[in-house]
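Quick note: the sequence shown uses our numbering, first residue -7, plus one each step. Structure first, commentary second.
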Amino acid sequence: MIDELRKIGLSDLEARCYLALHEDPKISGYEVAKKVSVSRTNVYAALRSLTEKGICRVIESEPVLYDAVPIAQLVRLLKTEFEQTTRVLQEQLNAVPTTPPSFYSWQGDKTIETVIHRLIANADKSIVVDIWSEDVSWVEEPLLEAEKRGVAVTLISIGECNTSVKNVIIHQRSEEWSSVRTRKFSILCDVRSALLGSFGKGIKPTALETNHPSLIELLQNTFYHDLIMEQVERDFGKELEAKYGKHYERIIDAYKEYL
-7 MIDELRKIGL
3 SDLEARCYLA
13 LHEDPKISGY
23 EVAKKVSVSR
33 TNVYAALRSL
43 TEKGICRVIE
53 SEPVLYDAVP
63 IAQLVRLLKT
73 EFEQTTRVLQ
83 EQLNAVPTTP
93 PSFYSWQGDK
103 TIETVIHRLI
113 ANADKSIVVD
123 IWSEDVSWVE
133 EPLLEAEKRG
143 VAVTLISIGE
153 CNTSVKNVII
163 HQRSEEWSSV
173 RTRKFSILCD
183 VRSALLGSFG
193 KGIKPTALET
203 NHPSLIELLQ
213 NTFYHDLIME
223 QVERDFGKEL
233 EAKYGKHYER
243 IIDAYKEYL
């Protein structure tokens, strides 16, 4: 019990004095000192401290007697004070101006996996993941958990993939994609936090975590573009291919030196 009482802010001697009063109420400081085998000077100081904290009560008599506040009342007092303190902390700290945007670098399989799980687990409303089909396994499990708790999840897969995620947009690959050494991915959570990175053979997985508004907006715009193009291609795929070529070569060829 001494250890438990110390956890609520009592010193070792204060805890011993409280227990003595709890076991034998309405006794003098002299009697408390005998019970705890400590000098009267130190015991009276501890009793004074307990009284100031509202944990023991004084009976004005000759001699002065002390009585422990019942533990049920003490616990309720502590709960009330804790709730008031946490409420004040939340109100005041939430009012603090937001910190500048940050960038955090991550490397290595285990580290990247942990970051992915953390970001997705902390999403409340929406998650958009843009990733190659080879790497869907990195995000599938946490995305399925997010779906279970009601988060709107959209998985954009570069290449065909088999997944249990409900809302999936497939991007077909052209032959040129086969020569790409690194496979990029991005995760956007609640339009407030993002992870951008890459996987690939012979390279260490790396990622950048950020809440920078410019990058958040960039990922948002990419998502809007993907949604629009997905619907347009679904409705007018044959017409678009006839006019612009497969994978829009007739548009892209003029800009290949920039791409």
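Note that the Cβ used here is the ideal one computed from N, Cα and C, for glycine as well. For clarity, every value in this text was computed on a predicted model and none was experimentally measured.
- Less than 8 Å divides the Cβ of residue 13 from the Cβ of residue 58.
- DSSP places residue 164 in no alpha helix (DSSP H); its state is neither H nor E.
- Here residue 116 is exposed. Its C-beta has fewer than 16 other C-beta atoms within 10 Å.
- Residue 21 and residue 32 do touch by the CB rule: their CB atoms are close to 6 Å apart, below 8 Å.
- Here residue 199 is not near residue 211, since their CB atoms are 8 Å or more apart.
- Under the Cβ criterion (8 Å, minimum of three pairs), the segment 224 to 235 does not count as touching the segment 117 to 132.
- Looking at the backbone, the Cα of residue 178 and that of residue 184 are separated by about 13 Å.
- Take residue 139, set aside five residues on each side of it, and the residues of its chain with a beta-carbon closer than 8 Å to its own are 145, 157 and 158, in chain order.
- The segment 20 to 104 is shown to contain whole alpha helix (DSSP H) runs of 4 or more residues at 21 to 28, 32 to 44 and 63 to 86, in chain order.
- The Cβ atoms of residue 148 and residue 218 lie closer than 8 Å to each other.
- Contact between the segment 88 to 108 and the segment 62 to 72 is not established, with fewer than three Cβ pairs separated by less than 8 Å.
- Residues of the same chain with their beta carbon placed closer than 6 Å to that of residue 216 are lacking, with the five preceding and five following residues left out of the count.
- Around the beta carbon of residue 104, 16 or more other beta carbons lie within 10 angstroms, which makes this residue buried.
- Following the DSSP letters along the chain, one finds residue 122 in no alpha helix (DSSP H) but inside the beta strand (DSSP E) bounded by residues 118 to 124.
- If you check the CB distance, residue 245 and residue 175 do not come in under 8 Å.
- The beta carbons of residue 161 and residue 123 sit no closer together than 8 Å.
- Within the same chain, 9, 21, 24, 48 and 58 come within 7 Å of residue 39 by CB-CB distance, once the 5 residues on both sides are set aside.
- When the beta-carbon positions are compared, residue 30 and residue 2 stay at least 8 Å from each other.
- Separation of the CB atoms of residue 114 and residue 181 is rounded to 7 Å, and the pair is thereby assigned contact status at 8 Å.
- Taken through DSSP and simplified to helix, strand or coil, residue 142 comes out as coil.
- Burial state of residue 201 is buried, judged by a 10 Å Cβ sphere holding 16 or more other Cβ atoms.
- Taking the Cα positions, residue 80 is about 11 Å away from residue 73.
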